[in-house]
Amino acid sequence: MEYAQAVAYLYERLPVFHRIGARALKPGLGNTEVLCAALGDPHRRFRSIHVAGTNGKGSTAHMLASVYQAAGYRVGLYTSPHLKSFTERIRINGQPIVDEAVAAFVTQHQLLIELTEPSFFEVTVALAFDYFAREAVDLAIIEVGLGGRLDSTNVITPLLSVITNIGFDHTDILGNTLTDIAAEKAGIIKAGVPVLIGETQSEIAGVFTDKASDCQSTIQFADQLFALADQGLRRGRREVVVVDRAAESGGLSGGYSLDLAGAYQLRNLPVV
């Protein structure tokens, strides 16, 4: 099976959320666990950071991957959906998964896919995990697809769980209140795994602190740790000063230049 055939097979054979909505979702993590078990549990062979949230999770995941790559790590990045090419979803050090790897995975595991009857998203998650394990990444940044608790990516046990913020999204699936939505996204919090929340939202902060307490996980709110001063755009890049609130003498500061130029990216930076 060639790359184009493999991608066409996935789109035609499997339910895709962006085509049919909630009907594409498979309840629970069972399918993903079956797929991963058949692949030798690749998600247990690399370290990861899990990123959820209503807004900014994709940008945050990209920034985290860039920071770790600049520090010399071999970094996998899984995000969704893609903009132009399917291969954008799965990257290592910024480079998309090669066409041959996609074709080989689908060809080799076609029977498994047909026996398991997973969703399109579940297969892409399994493919990403398998690719990251085979390519021996030092760390993978894994973006949640939808919600958190029942998202296919939630089979991982990461080094850190990140939740950027909570807003009204997919209310037909996640619930009609911020508390309900926060509870679904808090589902990525694992026993003993530290938690970092991007924004302090008084209405729902307790959802996260209670869940972290139940899991005996440390929790911090990034906007309580750092303050930002927007310096505007220079040569198409967003310039910002970050101040450490906890440091003595009013906080230590540092200047940063972001290639993600939108002012809204400042909401994501404290997490990074």
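Per the working numbering: the sequence shown = residues 124 to 395. All C-beta atoms, glycine included, are put in the ideal place defined by N, C-alpha and C. Fair warning: this is a prediction, and the values are worked out from it, not measured in the lab.
- For Tyr-196, there is no enclosing beta strand (DSSP E), as DSSP marks it with neither H nor E.
- Under a 10 Å Cβ-count criterion, Gln-354 is classified as exposed, with fewer than 16 other Cβ atoms of the shown protein chains found around its own Cβ.
- In the three-state DSSP reduction, Arg-358 falls in the coil class, being neither helix nor strand.
- Annotation for Ile-312: Ser-284, Val-318, Lys-334, Ala-335, Cys-338, Ser-340 place their beta carbon closer than 7 angstroms to its own, counting only its chain and skipping 5 residues before and after.
- Fewer than three beta-carbon pairs drawn from the segment 153-169 and the segment 129-139 are found closer than 8 angstroms, and the two stretches are therefore not classed as touching.
- For Phe-344, the secondary structure class from DSSP, reduced to helix, strand or coil, is strand.
- Rounded to whole angstroms, the gap between the alpha carbons of Phe-228 and Leu-262 is 21 angstroms.
- Tyr-126 and Gln-324 have their C-alpha atoms spaced approximately 44 angstroms apart.
- DSSP places Arg-257 in the uninterrupted alpha helix (DSSP H) bounded by 243-257.
- Between Ile-279 and Tyr-254 a beta carbon distance of about 14 angstroms is seen, past the 8 angstroms cut, so the two are scored as non-contacting.
- Shown here, Leu-283 sits in a strand according to DSSP, grouped into three states.
- The three-state secondary structure of Arg-272, taken from DSSP, is coil.
- Counting along the chain, no beta strand (DSSP E) covers Ile-296; the unbroken alpha helix (DSSP H) around it starts and ends at 294-297.
- The alpha-carbon of Ala-259 is positioned some 7 angstroms away from that of Phe-169.
- Closest by C-alpha distance to Ile-304, out of Glu-322, Arg-272, Leu-137, His-173, is Arg-272.
- Our two residues, Leu-381 and Glu-362, have alpha carbons roughly 6 angstroms apart in a direct line.
- Taking 9 angstroms as the cut-off, the beta carbon of Thr-202 is found closer than this to the beta carbon of Glu-266.
- In this chain, the beta strand (DSSP E) harbouring Glu-266 covers 262-266.
- Distance from the Cα of Phe-349 is smallest, within the candidate group Leu-389, Gln-233, Ala-328, His-185, for Leu-389.
- At the C-beta level, Gly-153 and Asn-288 stay beyond 9 angstroms of one another.
- Our two residues, Glu-322 and Glu-211, have alpha carbons roughly 28 angstroms apart in a direct line.
- Scanning Asp-367, Leu-158, Val-248 for the CA closest to the CA of Leu-200 turns up Val-248.
- Partner residues in the beta bridge of Phe-349, as assigned by DSSP, are Asp-367.
- For Ile-304, the enclosing alpha helix (DSSP H) stretches over residues 301-308.
- Residue pairing for Val-318: DSSP places it in a beta bridge opposite Ser-284, Ile-342.
- For the set Val-316, Lys-308, Ile-215, Phe-291, the Cα lying nearest the Cα of Ile-172 is the one of Val-316.
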